[in-house]
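Only one structure is covered here, and it is reproduced in the block below.
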Amino acid sequence: MKARVLQLFAAGINCDRELRHMFEVAGAEVEEAHVRELMKQPQRVLDYDLFAIPGGFTYGDDLGAGRILALEVECFLLEQLQQLHAQGGSVFGVCNGFQVLVKCGLLPGVAGIPLSLTWNDTHRFECRWSRLLVEPTLGHVLPAGSLLPAPSAHAEGKIVLAQEDGFERLQQAGCVALRYADVHGTPTRAYPDCPNGSEGAIAGLVSPSGRILGLMPHPERNLGLQSLPDRGAGAWGTGEEGIAFYRGLLAPYQAPCTA
Amino acid sequence: MQSSAWRVELELDSSRPDPVGKAALQALADRGLALTSPVRSGRGFLLPASLNRSQVETVTRRLLADPVTECSRIVAPGEVPDGGASTLVVRRLAGVADPEADSARRALALLDLEVGAEEAVQSYRTYRVDGPVDSADLLRVGGRALANPTIERTDLASAAVLPHPVPDDLPSSRREVPLLEATPEVLEQLSSTMALALSRAEMEAIQEFFRQAGREPTDVELETLAQTWSEHCKHKTLTGPVHLVETDADGEILRERHFNNLLKETVFAATQKMSPEWCWSVFKDNAGVFAMTDEIGIAVKVETHNHPSALDPYGGAGTGIGGVIRDILGTGLGARPFAATDLFCVGPEDLPREDLPPGTMHPDRILDGVIAGVRDYGNRMGIPTVCGGLVRHPGYVANPLVFAGCLGEIPRSMVDKKVSPGDVIVALGGRTGRDGIHGATFSSEALHQDSDTVDAAAVQIGDPITEKKVLDVLILARDRGLYSAVTDCGAGGFSSAVGEMGEECGAEVELSAAPLKYPGLSYWEIWVSEAQERMVLSVPPEHLDELLDLAATHEVGATVIGTFRDHRRLVLKWHGECVGDLPMDFLHGAVPQPVRRAENQRLRLGPTPWPAAHGGAEFLYQVLAHPACASKEWVVRQYDHEVQGGTVMKPYQGVDGRGPGDGTVVKPRLDLPQGVAIGCGIAPAVAQLDAYAGTALAIDEAIRNVVAAGGNPHRTALLDNFCWGDCRKADRLGSLSRAAEACYDAALAYGAPFISGKDSLNNEYRVGDTEVAIPPTLLCTAVAPVADTQRCPGTPLRRAGNILIQVGASSAAGGASVASELLDLQDSAVPAPDFDTAPTLFDALHQAIESGLVQSCHDLSEGGLGVAAAEMAFGAGLGLRLDLARVPVRGELGVRARLYSETPTRFLVEVEPDQVEDFGALFRTQPWATCGEVLAEATLVVLDGSQECFRCSLDSLLQANTCGR
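Which chain is which? The protein sequence lines are U and A, in order. Numbered by the working numbering, the letters in the first sequence go through residues 799 to 1057 in order. Numbered by the working numbering, the letters in the second sequence go through residues 2 to 966 in order.
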């Protein structure tokens, strides 16, 4: 049995092709559903192992990144997604999908640590490759301490925390999944290694369960050596990390090969 | 109509940095209002007065305000907020699209707050001076510095901010325009007062037609003819008869040539002569189509959006990219866009404000606006902007040029389309408003100093998410076979789209069926409106319901506005009454074509007086910092050039992503090994001295970019974009004719056919009696398939110890080069490609790349060898040694010319030491020579034989190149 992925579609989602391609390369069976169809049958979510929200500019990000889709998810799908999670399924969001998961309250998934995503410190859209340090909380997906190279492409990717000790509390709760790092693997908030100035250099968050995960950069665009900016000169990994990340996400749901 | 509304105003928490406020402070200071206290930016919404306070609070909390970063303020209807005298409110004029408000209105329904269509929801932005300021000064300066008065109005927040009134419905009925008895003078006057932009001869042809018909024309018939016959739609100059006279520098006639149809006998003739089977659609559809594989075609189009961008850079550039995306969607049965290109020509960055012609914006403001416009539209569409350029030249101060291109993939079986009588006409996408009325005729006229006030209606505001939804629906409907033909609504709106689709059969349209943004439009305005994000489909009746359902799911408007007929007429109705009835033959075939005179004088250009000395590192820094060579990474990184995951040869490459690429390579299909290489070339400064040479250079540059990136030169297709001055003037038309001849010669020489093109011919600015034209500007875009993208070499150096080879000989002609400009040399002979040898050189390099012999490769263009060498190092963090004495040359060249001449058809190639012989074997008849090696140390060392000229660190070069950005 292959892992079953349901990928959300909505007005302004535009990273659906590469995400679907990567899920398929990583061994999943992918179906897509328009949010307006899914609202009518929210129970459908429960038929899948993993629910994914791709990147894009849903509804133009007109009221803030991901804001309107987050409200739609909150009003029509939240209960079912929580149920999917409770029965062992996963919820995953990239870029705009991550912003949606944060703004609808699914991430970080613990109460009392208010946070939001806001404009990059440069106050403009930044498209550049980032190195993401894998925290132990994500050790079930990729080796803790390893680096995941992936392009960032966003304008509102800076994590801001309402409380001064917010980062420590997030870490204690096991919610910090990925952090922007320099070429040596040291977490950094400094531009351009960190494209947005995110607090705690946070690039991705995970629920304490490890199964609700979101991140700003796009590992689905790391499709191999020729995707890398240096085409395999060594500064950006081996070209295998993107696929490994998605394999890791799907691993719990992939039946072992019985041939 | 509402008199008042709730105001919800949001500002970043005072503890958070506010870059927009900071930029506003600077913009106010630039315009003479120096403030000592900070400016805080904010955003605001008007909500209907029918809501109660608790509802408004809910909306604010759950929808509008960010819970962590923003604080909010709610102002009740009729109330005036505190501190309003030091706060500016900037909002869009009535009728200008307001996508944020539309999104907010839609989202209110999620909170169970139904708001009637007549109730106002509007958005605005605020600038609050956090300290003392004179209100009158703030309003006066801020209105210009922080807003674009063409589309926005500025008020003090202390004033009542009222919703725009909803216009009354206009009970318009059929209106005739008395024409039959008009004298020629009256005809001309009529053309001018109705803004038809038709010539006297054209008006007379129309008058004659209606005399024959025995009736007066209606207003909408005249509008239709004006749109269809406009320069923008008909390309009367390029497709018309031209008599060219060429003279030498003394005025002696050198040659004469008569064209019956300039385009057909030059650009198009070359394509016809070659008629390659791999070109699937040329010069007939909204874009050209060539083969990537046997089954998958690539549709390509490049458009200009110059005049709208001069008035509103942000909106103009955004709708430029939006328009060219629709061209791709409207090609064949619709191609799926996968890459976009952009190129801007603007005035110099150091232009003193007092030198600006009246009514024009500073080049830097224009540039910031067009970059933001392309960024916000392209990024939202999810189409990677992968390739582009920036040209600075004083000739573009009043007439900036904005080129936007798009590529799409299309199955071979979908390249052709056919409208059948009986198909219904469906308008898909956005609603129709008064946007851009007369855009087609406006862009056919010169700009003048009052342009920014009188032509506000010609400006268009884009809504990319509507266009994204149109794209989603269109591709789904295409794959389900729900329509038989499609085209985009561009210049001329419905009139051009329906008129073109129905050209072979006939069409009947009920204009009252078109969905409107607001009431009050007359039927002719609906017919010619250039409201964005609309496509027209020809739908067999049996598929109509399925199409409408699909559109409804995606929340895209889809409306039947008429039917295609078999009577070869264009019939327009308004609430059932016939308001227009024109035969298609007259509409499309009767435009008078006067012979135009073209004159081209060849200049006497002497040899380039290169200085003997190399100029040292100091001169290389200057060249690298010149606008033609300076890094554009700061622009490229604002575009999502990686979306869709297929950008395998990026615009900036290498370990730190700092090495500029040549052509870009994009894979439209992630599951296939093939890709498409895209390159562009432009040489207006050369074309100003010699339009033929400048055009040939642009074409050579576009092709060599594509070849360097791994594209196949034997399958390279070209696109032309001619941007010229007023071609009713003989000298402008003379240089245009020479450029067209160069296109013909180059296309045949390189075996690279033109498959699509566009022209923009009235780029002149009139102030008083002086008329200023832009330099003759041909943008050539080259596209070619790449058989296996893994073999693309890239520009960054790979390994210390590898050998550097210059391919192609350098010559001394350096007119209009970067170095000659920096050295202030007089005009001199310009470089030109050698059509006999260039194609074989491209072929040999391609073979070398395909054989895996090329480790890295960069073409030599602006700034010559010196800049190319530095750029190859930027992407690698490695250094290199160059020996100028060993560079292949044609004629006598000093070191400066060897380092900086801009001879075309040259490359710097990195090859492994033990493969140099194999590499050379492919270049038997071509000039090539090893002239250096890659160093581990990040240093550039320049030698002249045994003597070292200079050396400098990579860091210092990069610093010069990035100019502090």
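Beta carbons: idealized from backbone N, C-alpha and C, even for Gly.
Burial state of residue i (16 or more Cβ within 10 Å)
i, result
"residue 865(A)", "buried"
"residue 84(A)", "exposed"
"residue 186(A)", "exposed"
"residue 956(U)", "buried"
"residue 1040(U)", "buried"
"residue 78(A)", "buried"
"residue 604(A)", "exposed"
"residue 706(A)", "buried"
"residue 747(A)", "buried"
"residue 255(A)", "exposed"
Same chain only: Cβ atoms within 8 Å of residue i, ignoring 5 sequence neighbours per side
i, result
"residue 147(A)", "25, 28, 29, 89, 91, 128 and 155"
"residue 328(A)", "287, 288, 302, 304, 407, 489 and 491"
"residue 1048(U)", "801, 803, 821, 824, 825, 826, 847 and 848"
"residue 840(A)", "714, 750, 751 and 752"
Cutoff 9 Å: residue i Cβ touching any chain A Cβ
i, result
"residue 811(U)", "yes"
"residue 854(U)", "yes"
"residue 1027(U)", "yes"
"residue 1031(U)", "yes"
"residue 890(U)", "no"
"residue 866(U)", "yes"
Residues near residue i by beta carbon distance below 6 Å, same chain, minus five either side
i, result
"residue 693(A)", "739 and 743"
"residue 509(A)", "563, 564, 566 and 572"
"residue 124(A)", "46, 99, 101 and 102"
"residue 317(A)", "306, 309 and 310"
"residue 944(A)", "884"
Contact with chain U by residue i, beta-carbon distance below 9 Å
i, result
"residue 822(A)", "no"
"residue 297(A)", "no"
"residue 655(A)", "yes"
"residue 675(A)", "no"
Contact set for residue i: own chain, Cβ-Cβ below 7 Å, skip 5 residues either direction
i, result
"residue 928(A)", "809, 810 and 889"
"residue 874(U)", "837 and 840"
"residue 709(A)", "663, 664, 858, 859, 860 and 908"
"residue 534(A)", "323, 430, 431, 464, 467, 468 and 471"
Cβ-heavy atom distance, residue i to the ligand NAP, below 8 Å
i, result
"residue 869(U)", "The ligand NAP is absent from the structure shown, which contains no ligand whatsoever."
Residues of the segment 263-292 of chain A with Cβ closer than 7 Å to any Cβ of chain U, in chain order
none
Three or more beta-carbon pairs under 8 Å between the segment 667-682 of chain A and the segment 782-790 of chain A, yes or no?
yes
Using a Cβ-Cβ cutoff of 8 Å, what residues of the segment 480-493 of chain A are near chain U? List them in chain order.
none
Identify each residue in the segment 917-944 of chain U for which the Cβ-Cβ distance to at least one residue of chain A is less than 7 Å, and report them in chain order.
921, 922, 923, 924, 925, 926 and 927
Residues of the segment 360-381 of chain A in Cβ contact with chain U at a cutoff of 9 Å, in chain order, please.
373, 376, 377, 380 and 381
Indicate whether the contact test is met: 3 or more Cβ pairs, each with one atom in the segment 1019-1033 of chain U and one in the segment 644-658 of chain A, closer than 8 Å.
yes
Contact between the segment 793-808 of chain A and the segment 425-435 of chain A (3+ Cβ pairs under 8 Å):
no
Specify whether the segment 751-768 of chain A and the segment 847-863 of chain A touch according to this definition: at least 3 beta carbon pairs, one from each stretch, less than 8 Å apart.
no
Under 7 Å, CB to CB, which of the residues in the segment 942-965 of chain U have a partner in chain A?
949, 951, 958 and 960
Tell me, please, whether the segment 724-736 of chain A touches the segment 595-606 of chain A by the rule of three or more beta-carbon pairs shorter than 8 Å.
yes
Does the segment 927-945 of chain U come into contact with the segment 890-906 of chain U, if we say contact requires no fewer than three beta-carbon pairs (one atom in each stretch) closer than 8 Å?
no
Pairs of beta-carbons, one from the segment 600-617 of chain A and one from the segment 530-547 of chain A, closer than 8 Å: are there three or more?
no
Quick one: which residues of the segment 630-652 of chain A get their C-beta closer than 7 Å to a C-beta of chain U? List them in chain order.
638, 639, 640, 641, 642, 643, 644, 645, 646, 649 and 651
Check whether the segment 639-650 of chain A touches the segment 943-953 of chain U, counting contact only when three or more Cβ pairs, one atom from each stretch, lie closer than 8 Å.
yes
Below 7 Å between beta carbons is the criterion; list the residues of the segment 840-864 of chain U that meet it against any residue of chain A, in chain order.
854, 855, 857, 858, 860, 861 and 862
At a CB distance below 7 Å, what residues from the segment 52-73 of chain A approach chain U? Give them in sequence order.
63, 64, 65, 67, 68, 69 and 70
Residues within the segment 548-574 of chain A neighbouring chain U, beta-carbon criterion of under 8 Å
554, 555 and 556
If you pair each beta-carbon of the segment 547-554 of chain A with each one of the segment 493-504 of chain A, do three or more pairs fall below 8 Å?
no
Could you run through the segment 413-426 of chain A and flag, in chain order, every residue whose CB is less than 9 Å away from some CB of chain U?
none
Whether or not the segment 825-833 of chain A and the segment 686-702 of chain A are in contact is what I'm after, with contact meaning three or more pairs of Cβ atoms, one per stretch, closer than 8 Å; do they touch?
yes
Along the segment 466-477 of chain A, where does the CB come closer than 7 Å to a CB of chain U? Name the residues.
466, 469 and 470
Is there contact here, the segment 236-254 of chain A with the segment 219-226 of chain A, by at least three beta-carbon pairs under 8 Å?
no
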